[in-house]
Amino acid sequence: MDFLIFQAPILIVQASLDGILLGILFALIAYGMALQWGVMNIINIAQGDLVILGGYIAYSMYLAGIHPGWGVIVSPIVMFFVGWGLYKLVINKVVDRDLFISILATFGIAIVFQQLMNFIFGADVVVAQSEYGTTMLFDNSVTLPNSKIFSAFISLLYAVVLVIYMKKSKLGRAIRATAQNARAAKILGVDTEKVYAATFGINAALCGVAGALIAITFTLHPYVGLPYTVRSFMIVIVAGLGNLPAVAISGMGLGVFEEFADYILGTEFRIGSVFMLLVFILVYRRFKLSRKREYLK
Amino acid sequence: MNKIAKLFIAFISALTLTLASITSSFAKVEGEYIVLGSAISLTGKYSSNGVHTQNGYNMAVDRINKMGGVKVGGKSYKFEIIYYDDESNPKRAAQLAERLIKQDGVHYMLGPYSSGLTKAIAPVTEKYKIPMVEANGASRSLFTKGYKYLFAVLSPANQYLEVAIDLAVEKNGGKPVKIAQAFEQDAFSQDVRLGILDAAKRTGSKIIIDDKLPKELNDMAATLAKVKATKPDVLVVSGHTKGALTAIRQISEMKVDVPMLAMTHCDAAKLSKQHGKKSEYALCASQWHKNLSYKDKFFGGGKKYDKDFKKEFGYAPPYQSAESSAALLVFKDAFERANSFDRDKVRDALKATDMQTFYGNIKFGPGGQNVAKPMILFQVRCKGDTCENKVVAPTKWASDKFFHPIPKWSERG
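Taken in order, these protein sequences are the chains called U and B.
Residue 1 is where the first sequence starts when you use the working numbering, and the numbers rise one by one after that.
Residue 1001 is where the second sequence starts when you use the working numbering, and the numbers rise one by one after that.
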């Protein structure tokens, strides 16, 4: 236990801001996961690996001399087609099977992606330099890397655009209809196959954006995808499916919680504490549920 | 169809049989070849360092074979290595070690890459009493288990950054310093941490931040905010390449001012290339540097090794390659002194090793670790936009003066 954070109140500001900026980025990945989970009932274990692949696209641009910040536009476009192709190749065969099959299939995809990225980009840890500089607040006692602010801003932008798109566009309506009741949607003339492919593509595109942002804020390595999968999974579990504001809030909440756990319990409990929180939330939900209705087993 | 299938099966079984007979005929010494075995990470997360290791081994094998080979009993033998890809997976590495020993009949082993994999293989080689010379497992716990057949040409992990603390104390006018440290939670980094704890105790220094970074983590913002608030004299970070890259990125972004920053894995992370000027003044522990003045008759000195390696593989040798090449020199020396292929005689000869290679002096302590070679520290220094690693300690090999304290970010261009 360390109470340094309470002795230096400025650290509370730092921790909260860091947590919120981090959380928004995670929320974007989680939103993609929630979307395709809700629509297709697939838990995508390869989510984090799609993120990393998106990051490598931005990194490749950086190597080619293009500013990696443009990755937030290029990467989702490329990743949309990767997602689309992945759906046509594998996911369409598991989409109406039970959850276990889809977990197994996406787990397999995750391994293939990791090895491919290792093969193409090498096993070295890499970073892309954005040179965005730093914002200093309170006489340099709180520092926020502009790359993190940029990440949060872009994440929010994509989230808002997506919400509007889902509400207004034809495809968005079709996706929502399919999520509500795939059979009914099909009967009413929605091409669910196309909807599924588009949903998976959109999810991959969101991963692409997040990956490009991670390339400029953190580090890339072919094998670091899983933590992103786990965290987005956690955010979705906490927030529930199909509820974007909840995803954003739970993302930020988890981000802030993580930062504070780091300061108070120590860095080694940072990720562990998030898991603890998840257990509490699940138990609490179960408790609430059991009070509401009873059912026979 | 059925016929084709049968034919195919027949073909496959014939092929397997032939292969089986070939592999089983490999023995410890086959004709004029001394066969060594190694499980090495050619795929998976250690693959780049695995390849550095393999290149180091291959370079030494070629060189020794070309320069007359190994003379045992008046006859000249050549080295040959059987490699298997362990996929960077400890379980797989242990299986492959069994396979090398039991199926391929290998009697002498070379180590894999990383402490974790060496730890997985050591119990196997120990069980079958197979001497193993390893060059890439520095974890202290490898040398405290009483292994009798394990020999490491590199300095153990706890020595990596001890020197840095001594240096900090020296710069502080001999007075104890305040240390902030962040280490990944893995065997190697935690051993580096133990070394710092020892050094702190010895010098009376105080550790004010002691963070353990989870493996999955690539964000040190919280640790660095604490560093900013507490103002230590020296910040020590070790978490493989990811840790080094994350640390420099976030230290520069958060404008963390510390007088001294000591790290590991700077060269593996290509710090000076990936982060350029932002990494300037970072102090890094290294097993080897080409400017050291050690010599042997196979590779000449470090500079010549550097040149030859570049010519052969197209990149400058990281220390992982240099130490791997040194492992072969140790084996050669031991075979010739034992003048026999008896495993126990070779083992005893290895135990009595006391030699100089281009990589450094090699002499094994009771646990099998190399006790004759000090770690070196280099500092990243930049001229314009090109940054280089300059040796600053120990003084015997220092090409440049240690720059202290690190200028504040507000004064850095």
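Even for Gly, the Cβ is constructed at its ideal location relative to N, Cα and C.
It should be emphasised that the depicted structure is a prediction, and the values quoted were computed from it without experimental measurement.
Among the residues of chain B, those whose CB is under 9 Å from the CB of His-221 (chain U) are Lys-1045, Asn-1218, Thr-1241, Lys-1242, following chain order.
Here the alpha carbons of Leu-1161 (chain B) and Asp-1198 (chain B) stand approximately 11 Å from one another. Going by DSSP, Val-1391 (chain B) is part of the beta strand (DSSP E) stretching over 1386-1393. Cβ-Cβ distances below 7 Å link Asp-1354 (chain B) to Lys-1363 in the same chain, with the five nearest sequence neighbours on each side left out; the list follows chain order. For Thr-135 (chain U), the pairing in a beta bridge is given by DSSP as U:Leu-144. Contact between the region 1173-1180 of chain B and the region 1132-1143 of chain B is absent: fewer than 3 CB-CB pairs across the two stretches fall below 8 Å. Of all residues in the region 155-186 of chain U, none is placed with a Cβ closer than 9 Å to any Cβ belonging to chain B. Shown here, Tyr-1046 (chain B) sits in coil according to DSSP, grouped into three states, outside any helix or strand. Judged by beta-carbon spacing, Val-1256 (chain B) lies beyond the 8 Å limit of Ala-1182 (chain B), meaning their Cβ atoms are not closer than that value. When DSSP states are grouped into helix, strand and coil, Lys-1066 (chain B) belongs to the helix group. For Asp-1296 (chain B), the secondary structure class from DSSP, reduced to helix, strand or coil, is strand. Nearest C-alpha to Thr-1203 (chain B) among B:Gly-1116, B:Val-1163, B:Arg-1412: B:Val-1163. As DSSP reads the structure, Met-1263 (chain B) sits in a beta bridge with B:Val-1237, B:Cys-1284. Shown here for Gly-251 (chain U): same chain residues with a beta carbon closer than 7 Å to its own, the five before and five after excluded, namely Gly-23, Ile-24, Phe-26, Ala-27, Ala-30, Ile-235 in chain order.
Among the residues of the region 261-280 of chain U, those with a Cβ less than 7 Å away from any Cβ of chain B are Asp-262, Tyr-263, Gly-266, Thr-267, Glu-268, Arg-270, Ile-271, in the order of the chain. Apart from the 5 residues on each side of it in sequence, Ser-1252 (chain B) sits with its Cβ closer than 6 Å to the Cβ of Lys-1278 in its chain, given in chain order. Within the region 120-154 of chain U, Gly-122, Ala-123, Asp-124, Val-125, Val-126, Val-127, Gln-129, Tyr-132, Gly-133, Thr-134, Met-136, Asn-140, Ser-141, Val-142, Thr-143, Leu-144, Pro-145, Asn-146, Ser-147, Lys-148 place their CB atoms closer than 9 Å to a CB of chain B, listed in sequence order. In the three-state reduction of the DSSP assignment, Glu-1134 (chain B) falls in the strand class.
With a threshold of 8 Å between beta carbons, Leu-1213 (chain B) makes contact with chain U. The beta carbon of Leu-1235 (chain B) sits no closer than 8 Å to any beta carbon of chain U. DSSP, read as helix, strand or coil, puts Met-1220 (chain B) in coil. Contact of Leu-213 (chain U) with chain B by beta-carbon distance below 9 Å is absent, the smallest such distance being about 13 Å. Residue-level contact by beta carbon fails for Leu-116 (chain U) and chain B, as no gap is shorter than 8 Å. Judged by beta-carbon spacing, Ala-1039 (chain B) lies within the 8 Å limit of Leu-1100 (chain B), meaning their Cβ atoms are closer than that value. The beta carbon of Arg-1249 (chain B) falls within 8 Å of a beta carbon belonging to chain U, placing the residue at that interface. Assigned with DSSP and collapsed to three states, Ser-1252 (chain B) falls in helix. The secondary-structure analysis by DSSP pairs Gly-1301 (chain B) across a beta bridge with B:Lys-1295. Beta bridge pairing from DSSP links Gly-1037 (chain B) with B:Ile-1082, B:Met-1109.
Linking Ala-1157 (chain B) to His-1240 (chain B) through their CA atoms gives a straight-line distance of about 12 Å.
At a cut-off of 8 Å between beta-carbon atoms, Pro-68 (chain U) makes no contact with chain B. The region 57-74 of chain U makes contact with the region 200-213 of chain U; the number of CB pairs closer than 8 Å reaches 3 or more.
Put simply, of U:Asn-118, U:Ala-184, U:Lys-93 the residue whose alpha carbon is nearest the alpha carbon of Ile-52 (chain U) is U:Asn-118.
Considering only beta carbons, the part of the region 1249-1277 of chain B lying closer than 9 Å to chain U consists of Arg-1249, Gln-1250, Ser-1252, Glu-1253, Met-1254, Lys-1255, Val-1256, Ala-1268, Ala-1269, Lys-1270, Gln-1274, His-1275, Gly-1276, in chain order. The three-state reading of DSSP puts Val-90 (chain U) in helix, counting H, G and I together. Residues are counted here when their Cβ sits less than 7 Å from a Cβ of chain U; for the region 1132-1154 of chain B the count is zero.
A Cβ-Cβ contact shorter than 8 Å links Thr-219 (chain U) with Thr-1246 (chain B).
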